[in-house]
Amino acid sequence: MNINEISEMNFQQFRSQSKLIEETNGFEKVFLYENKYIIKIFRHRKLISTSRLKNKAKQFQDNALTLEKCNIAAAKVIKKFKLKSPEKRYGLVYNYLEGETFYDTYKEASRDSRDSLLKNFFNFFKLLHKKGIYFRSAHLANIIVQTDGSFALIDIDNIQFYKRALSIVQIFRNFKAILRRKEDYEIFKEIGLTKILHYYFGNDAPPSFGLLICRWKSHPLHQLSKNKKY
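At position 34 of the sequence shown (counting the first as 1) the number is 658 in the numbering used here, and the numbers step up by one without a gap.
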């Protein structure tokens, strides 16, 4: 079956021939078709929600186009379709990105190669910020290390784009995203705040206001800063 022919009428046929790769609370969310296409289903979780005001599938599609203009690798949407149901579900088909998540790549890497991996990761994170890209879902399972070693973004429906580089406040706020998941936090806890700041800022001293943010008890970097000199 040609993936371009997917629609509400034949979705179940495509679904039966696809591999389920993500499920949330019983909701089958992401499928892999023919090992080269992703079929992702979006639904409205509440009667009144931001996803109803702004369709998340459409947002994903728009963000993919904007990221392409910014020369940031991400999924390329092939088709959008609608599924009639009480929840008004929408579907997207996009290309499967070859590679592994940064989280898996890091965990499988030898200790000797982890340092260069982290340098590349924070260079990419910094590049996003310089381009004015605030990736709200920037945890380590949403960043792909492609087969050529370059980085790409997945789960891109929740991104804000700015006309200028992110401010220091926005940068440190975005750090919360990569520290949100427990498994990601454990990685950065092992690395420590001093190294994290060095990977991101290089030999330049972090802005004093950024260091102040690190001391805010509500910020996850505060926990990493305990017993650390910086």
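Glycine included, every Cβ here is placed at the ideal spot set by N, Cα and C. Quick caveat: nothing in here was measured; it's all calculated off a predicted structure.
When we look at the beta-carbon of residue i and count the other beta-carbons within 10 Å, is it buried (16 or more) or exposed?
{"i": "Thr818", "result": "exposed"}
{"i": "Val769", "result": "buried"}
{"i": "Leu677", "result": "Residue confidence is low: Leu677 scores 42 on pLDDT, short of 50, so the model does not pin down where it sits. No coordinate-derived value is stated."}
{"i": "Gly773", "result": "exposed"}
{"i": "Asn827", "result": "exposed"}
{"i": "Asn747", "result": "exposed"}
Can you tell which of the options has its C-alpha closest to the C-alpha of residue i?
{"i": "Lys708", "options": "Leu821, Phe635 and Phe651", "result": "Phe635"}
{"i": "Thr640", "options": "Phe651, Leu656 and Lys704", "result": "It should be noted that the sequence gives Ser, not Thr, for residue 640. Closest by alpha carbon: Leu656."}
{"i": "Tyr824", "options": "Glu652, Leu742 and Gly756", "result": "Leu742"}
{"i": "Lys653", "options": "Lys643, Ile665, Ile627 and Glu632", "result": "Ile665"}
{"i": "Gly756", "options": "Lys643, Gln637 and Val793", "result": "Val793"}
{"i": "Ser642", "options": "Ser737, Glu724 and Ile630", "result": "Ile630"}
Considering only residues of the same chain and omitting the five flanking positions on each side of residue i, which have a CB-CB separation below 7 Å?
{"i": "Asn744", "result": "none"}
{"i": "Asp808", "result": "Tyr727, His763, Leu764 and Ile802"}
{"i": "Ala789", "result": "His753, Lys754 and Gly756"}
{"i": "Phe733", "result": "First, the amino acid is wrong: residue 733 is Ala here, not Phe. Same-chain partners within the cutoff: Leu741."}
{"i": "Lys706", "result": "Glu632 and Tyr714"}
Could you pull the DSSP bridge partners for residue i from this structure?
{"i": "Ile767", "result": "Leu777"}
{"i": "Lys800", "result": "Paired residue(s): none; Lys800 is not in a bridge."}
{"i": "Ile645", "result": "BP columns for Ile645 are empty, so no partner."}
Excluding sequence positions up to five away, which residues of its chain have a Cβ less than 8 Å from the Cβ of residue i?
{"i": "Tyr661", "result": "Ile627, Ile702, Val717, Tyr718, Asn719 and Tyr720"}
Report all residues from its chain with a CB closer than 6 Å to the CB of residue i; omit the five preceding and five following residues, and keep chain order.
{"i": "Glu646", "result": "Lys653 and Val654"}
{"i": "Lys680", "result": "Phe666 and Asp781"}
- Message: For the stretch 774 to 794 against the stretch 690 to 710, do three or more pairs of beta-carbon atoms, one drawn from each stretch, fall closer than 8 Å, so that the two count as touching?
- Response: Yes, the stretch 774 to 794 touches the stretch 690 to 710.
- Query: Counting Cβ pairs closer than 8 Å, one from the stretch 795 to 804 and one from the stretch 746 to 766, do we hit at least three?
  - Reply: Taking 8 Å as the limit for Cβ pairs, the verdict is that the stretch 746 to 766 does touch the stretch 795 to 804.
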